[in-house]
Amino acid sequence: MKLKTALLGAACAFAFAPAAFAERGSDGTVNILYAQAPSTLNPYLSSGTKDVENASIVLEGMAGFDEKGVVFPRLAESVPTVENGGISADLTSITWKLKPGLLWSDGTPVTSADAKFTYEYCTAPDGGCAQAARYEGITAIDTPDDQTVVIHFDGPKPNPYQAFVGGTSPILQKAQFAACIGAAASTCTEQNFNPIGTGPFRVVEFKTNDTVTLEANPNYRDPAKPAFAKMVVKGGGDAESAARAVMQTGEFDYAWNTQINPELQAQMATGGKGKFVNGFGTLVERIEMNMTDPSPDLAEGERSTTKHPHPILSDINVRTALSKAIDRQILVDVGYGNAGRPTCNLVPAPELFASDNTGCIAQDMEGAKKLLDDAGWVPGADGVREKDGRKLHILYQTSTNPVRQDFQALIKDWWTELGADVELKNVDASVFFGGDAGSPDTFQKFYADVEMYANNFDGTDPEPYLASYLCNKIPGPENQWQGENINRFCDPAYDALVAEMGKTSDMAKRAELAKKMNDMLTKDSMVIVPLVDRGRLSAASNALGGVNLNTWDTEMWNVQDWFRVK
8 MKLKTALLGA
18 ACAFAFAPAA
28 FAERGSDGTV
38 NILYAQAPST
48 LNPYLSSGTK
58 DVENASIVLE
68 GMAGFDEKGV
78 VFPRLAESVP
88 TVENGGISAD
98 LTSITWKLKP
108 GLLWSDGTPV
118 TSADAKFTYE
128 YCTAPDGGCA
138 QAARYEGITA
148 IDTPDDQTVV
158 IHFDGPKPNP
168 YQAFVGGTSP
178 ILQKAQFAAC
188 IGAAASTCTE
198 QNFNPIGTGP
208 FRVVEFKTND
218 TVTLEANPNY
228 RDPAKPAFAK
238 MVVKGGGDAE
248 SAARAVMQTG
258 EFDYAWNTQI
268 NPELQAQMAT
278 GGKGKFVNGF
288 GTLVERIEMN
298 MTDPSPDLAE
308 GERSTTKHPH
318 PILSDINVRT
328 ALSKAIDRQI
338 LVDVGYGNAG
348 RPTCNLVPAP
358 ELFASDNTGC
368 IAQDMEGAKK
378 LLDDAGWVPG
388 ADGVREKDGR
398 KLHILYQTST
408 NPVRQDFQAL
418 IKDWWTELGA
428 DVELKNVDAS
438 VFFGGDAGSP
448 DTFQKFYADV
458 EMYANNFDGT
468 DPEPYLASYL
478 CNKIPGPENQ
488 WQGENINRFC
498 DPAYDALVAE
508 MGKTSDMAKR
518 AELAKKMNDM
528 LTKDSMVIVP
538 LVDRGRLSAA
548 SNALGGVNLN
558 TWDTEMWNVQ
568 DWFRVK
């Protein structure tokens, strides 16, 4: 993204914003349904999208990404650029200016010290910050006055819109979180469940894995917003019932991530109560291969850690064969219809950054069998392949969701035909995508051989997303299982490419580096096995106005503009 374009885009975003509401809180209550219930409202302690989404209603950064992926100011007066002097000519620093008079929801002033503290909070040793990649390359943050934040980088940073930009990198209140640095981060239950923020709503009550009750923030910077006096986010259930509650019964105003098959979508669309909103961005349903041994025979604290390589999946021939055996087009037809596309890429968009990696699309069962044969994985008397006395047994886990269980059943059939013994497991989505370091069932802890879920990145530049696969981002007991490198991939050559991209300004070169990293994670190593480029699909009531689906940031990005249709 060119910096001048970003600034102009930000101006346009506000020029076409909905007209100000006549009165804050005049539209009563808005009810939202998340089939994946939030487990925390601190996005720095969870990689779960449902937690980041809900936190973004309360916590904000300097800027966000609009529905076109353009950076626009939130707490900042404007988006810094080279042209307006906010970014140094050598691209080694960016200066943010806070809007004057900003208040936290408790009525205290927002200052530059809060931003600096947030950086220190996320980068503190033993803190287990789930969003550490957003702060990669920062050497220091200066606060020359209460309104100014100067971020210094270790070299030219062509994409400086990472720290404090988007739903994954908001600013925390220093006064509230001061005692929560490092290993203490996860112990601060009151702060993590009830963060003081600057967003349009503030927390009234948080019931983990259940309900978030919020009220209009009396200190929100726009005195006419939000239109709703109260917001209730109900969590739990499943995607089908969530969609039905908006589309057919009208019990809820909005349902997030209504991951249901095309037949159900068509059926529910006739209900007359609402409409599906959808759009393609960077959301990819994938299978992650565990590069470490999750065996329960290992001591707790050593399972799924780099101390023990995976005894089966460390063989690239096995990983490649498992990928070849999958028919991705059938998965799309069964699970998504027009809302999905087969993909071999972790980064499917924007087009500039998307690799021409298409070799996995066509199923190749015979090629997969030959690969295992040649690698010495031969069928035993029971039909299950084995090598050196070890069976090709795979524990395959995902979250509880009808589409994902359909995928599991199909993939199990293909892998069984290949000669694998496949055990299926599904975990309640609120737990699976939660950040509880004590739970054995989170996707970060990864106590399985393979796991399936979808993920995406903020904005239109994949640099911080690709940086999440650095060697130092691996989850483990030392960081409270909050690292971002879920499959424990580690390659110094990959780390070097991340560093190079962080200092490369030429867009063509940045795209080349992104494609190379994408290919290293996918077709070169098969550590990540992409399946479907998923469009986001949610449901909105016909009585809810202002909804503008955003695939580049959180879906709650503009709740301040939602209103009741009269």
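In our numbering, the protein residues as written are 8 to 573.
Ideal placement from N, C-alpha and C gives every residue a C-beta, glycine not left out.
TODO: Please look up how many angstroms separate the CB atoms of S46 and D443, rounded, as I've assumed it's under 8 Å.
DONE: If you number the sequence shown from 1, residue 46 lands on position 39. If you number the sequence shown from 1, residue 443 lands on position 436. Indeed they touch by this definition, with Cβ atoms about 6 Å apart.
TODO: Just list the beta strand (DSSP E) runs in the region 267-352, keeping only unbroken ones of 3 residues or longer that don't cross its boundaries, in chain order.
DONE: 281-296, 347-349
TODO: May I have the straight-line CA-CA distance separating Q370 from P80, to the nearest angstrom?
DONE: On the sequence shown, residue 370 is found 363 positions in, with the first residue counted as 1. On the sequence shown, residue 80 is found 73 positions in, with the first residue counted as 1. Approximately 46 Å between the Cα atoms of the pair.
TODO: For T561, I'd like the list of residues in its chain whose CB is within less than 7 Å of its CB, leaving aside the five on either flank, ordered along the chain.
DONE: As a working note, residue 561 is residue 554 in the sequence shown. Once the five neighbours on either side are set aside, the close Cβ partners of T561 are V59, E60, S63, G174.
Open item on the list: Please state the DSSP three-state secondary structure of A388.
Closed with: As a working mapping, residue 388 is identified with position 381 in the sequence shown. If DSSP states are grouped into helix, strand and coil, A388 belongs with coil.
Task: Contacting residues, own chain, Cβ-Cβ under 6 Å from G244 (five flanking each side not counted) - done: Along the sequence shown, one-based indexing puts residue 244 at 237. The residues are A42.
Open item on the list: With the cut-off set at 8 Å, would you say A550 and A262 are in Cβ contact?
Closed with: Along the sequence shown, one-based indexing puts residue 550 at 543. Along the sequence shown, one-based indexing puts residue 262 at 255. No, the Cβ-Cβ distance between A550 and A262 is not below 8 Å.
TODO: Count the other C-beta atoms from every protein chain shown that fall within 10 angstroms of the C-beta of G390, then say buried if there are 16 or more, exposed otherwise.
DONE: Along the sequence shown, one-based indexing puts residue 390 at 383. Exposed, by the Cβ-count rule.
TODO: Excluding the 5 residues preceding and the 5 following C195 in the sequence, name in chain order all residues of the same chain whose CB lies nearer than 6 Å to its CB.
DONE: Counting from one through the sequence shown, the residue named residue 195 turns up at place 188. Excluding residues within five positions, the ones whose Cβ falls inside 6 Å are C187.
- [ ] Report the rounded CA-to-CA distance for L504 versus R251, giving the unit in angstroms.
- [x] Numbered from its first residue, the sequence shown carries residue 504 at position 497. Numbered from its first residue, the sequence shown carries residue 251 at position 244. Rounded to whole angstroms, L504 to R251 spans 45 Å at the Cα level.
Task: Buried/exposed call for S512, threshold 16 Cβ in 10 Å - done: Translated into positions along the sequence shown, residue 512 becomes position 505. By the neighbour-count rule (16 or more Cβ atoms within 10 Å), S512 is not buried but exposed.
Task: Other residues of its chain near F28: CB distance less than 7 Å, five sequence neighbours each side excluded - done: In the sequence shown, the residue the question calls residue 28 occupies position 21. Unreliable placement is indicated for F28, whose pLDDT of 44 sits below 50; no coordinate value is reported for it.
Open item on the list: Check whether the region 211-223 and the region 396-413 touch, using three or more Cβ-Cβ pairs below 8 Å as the test.
Closed with: no
Open item on the list: With H, G and I counted as helix, E and B as strand and the rest as coil, what does DSSP make of M372?
Closed with: On the sequence shown, residue 372 is found 365 positions in, with the first residue counted as 1. In the structure shown, M372 sits in a helix (DSSP, three-state: H, G or I).
- [ ] Go to D161, then tell me how far its beta strand (DSSP E) extends in each direction, as first and last residue.
- [x] Indexing the sequence shown from 1 puts residue 161 at position 154. Run containing D161: none; DSSP gives neither H nor E here.
Open item on the list: On the DSSP letters alone, give me the boundaries of the alpha helix (DSSP H) that S46 sits inside.
Closed with: Here residue 46 corresponds to residue number 39 of the sequence shown, with the count starting at 1. Premise fails: S46 is in no alpha helix (DSSP H) and is neither H nor E.
- [ ] State the start and end residues of the unbroken alpha helix (DSSP H) segment that holds S437.
- [x] Here residue 437 refers to the residue found at position 430 when the sequence shown is read from its first residue. 436-439 is the extent of the alpha helix (DSSP H) around S437.
Task: Residue from Y460, L110, A518 with nearest C-alpha to L473 - done: Numbered from 1 along the sequence shown, position 466 holds the residue referred to as residue 473. Per the Cα distances, A518.
TODO: Give the range of the beta strand (DSSP E) segment to which V536 is assigned.
DONE: The count along the sequence shown starts at 1 and reaches residue 536 at position 529. V536 -> beta strand (DSSP E) spans 535-548.
Open item on the list: Report the start-end ranges of each alpha helix (DSSP H) in the region 432-495 that is 4 residues or longer and not cut off at the edges.
Closed with: 436-439, 470-474
Open item on the list: I'd like the span of the alpha helix (DSSP H) that includes Q412, first residue to last.
Closed with: Here the question's residue 412 lines up with position 405 in the sequence shown. 409-425 is the span of the alpha helix (DSSP H), which, as asked, contains Q412.
- [ ] Provide the residue(s) that pair with R397 in DSSP beta bridges, ordered along the chain.
- [x] As a first step, residue 397 is located in the sequence shown; it is residue number 390 there, counting from the start. K394, per the DSSP bridge assignment.
Task: Segment contact flag, the region 335-350 with the region 265-282, C-beta cutoff 8 Å, min 3 pairs - done: yes
- [ ] Flag this pair as yes or no: are the beta carbons of G189 and D97 separated by less than 8 Å?
- [x] Locating residue 189 in the sequence shown gives position 182, where the first residue counts as 1. Locating residue 97 in the sequence shown gives position 90, where the first residue counts as 1. The answer is no: Cβ separation not under 8 Å.
Open item on the list: I need the straight-line Cα distance from E90 to C129, nearest angstrom please.
Closed with: Taking the first residue of the sequence shown as position 1, residue 90 is located at position 83. Taking the first residue of the sequence shown as position 1, residue 129 is located at position 122. Whole-angstrom Cα-Cα distance: 30 Å.
Open item on the list: Per the DSSP calculation, Q404 is bridged to which residue(s)?
Closed with: The residue labelled residue 404 in the question sits at position 397 within the sequence shown. In DSSP, Q404 forms a bridge with K432, E458.
Task: Bounding residues of the beta strand (DSSP E) (the contiguous stretch that carries P151) - done: Here residue 151 is taken as the residue at index 144 of the sequence shown, counted from 1. Its beta strand (DSSP E) spans residues 145-152.
- [ ] Answer with buried or exposed for E576, where buried requires no fewer than 16 other C-beta atoms within 10 angstroms of its C-beta.
- [x] Residue numbering for the chain in the displayed model covers 8 to 573; residue 576 lies beyond these limits and cannot be assessed.
Task: Exposure of D304, with buried meaning 16 or more beta-carbon neighbours within 10 Å - done: Start at 1 with the first residue of the sequence shown, and residue 304 comes out as number 297. D304 is exposed by the Cβ-count criterion.
TODO: In the DSSP assignment, find the beta strand (DSSP E) that holds S100 and state where it starts and stops.
DONE: Taking the sequence shown and counting its residues from 1, the one referred to as residue 100 is at position 93. Its beta strand (DSSP E) spans residues 100-104.
- [ ] Could you give the DSSP three-state label for M69: helix, strand or coil?
- [x] Counting from one through the sequence shown, the residue named residue 69 turns up at place 62. In the structure shown, M69 sits in coil (DSSP, three-state: anything other than H, G, I, E or B).
Open item on the list: According to DSSP, simplified to helix, strand and coil, what is L221?
Closed with: On the sequence shown, residue 221 is found 214 positions in, with the first residue counted as 1. Looking at L221 - three-state DSSP - the assignment turns out to be strand.
Task: Burial state of K530, where buried means 16 or more other Cβ atoms lie within 10 Å - done: Residue numbering aside, residue 530 sits at position 523 when the sequence shown is read from its first letter. Buried, by the Cβ-count rule.
Task: Beta carbon of I401 nearer than 8 Å to that of D456 - done: Against the sequence shown, residue 401 aligns to sequence position 394. Against the sequence shown, residue 456 aligns to sequence position 449. Yes, Cβ-Cβ distance for I401 and D456 is below 8 Å.
Open item on the list: Beta-carbon within less than 7 Å of P386's beta-carbon, same chain only, minus the 5 sequence neighbours each way: which residues are those?
Closed with: Taking the first residue of the sequence shown as 1, we reach residue 386 at position 379. For P386, where only same-chain residues beyond five positions count, the Cβ hits under 7 Å are R392, G426.
Open item on the list: Can you find the residues in the same chain that come closer than 7 Å, C-beta to C-beta, to E143, ignoring five residues on each side of it along the sequence?
Closed with: The sequence position of residue 143 within the sequence shown is 136, counting from 1. So the list reads P471, A474, G509, once near-sequence residues are dropped.
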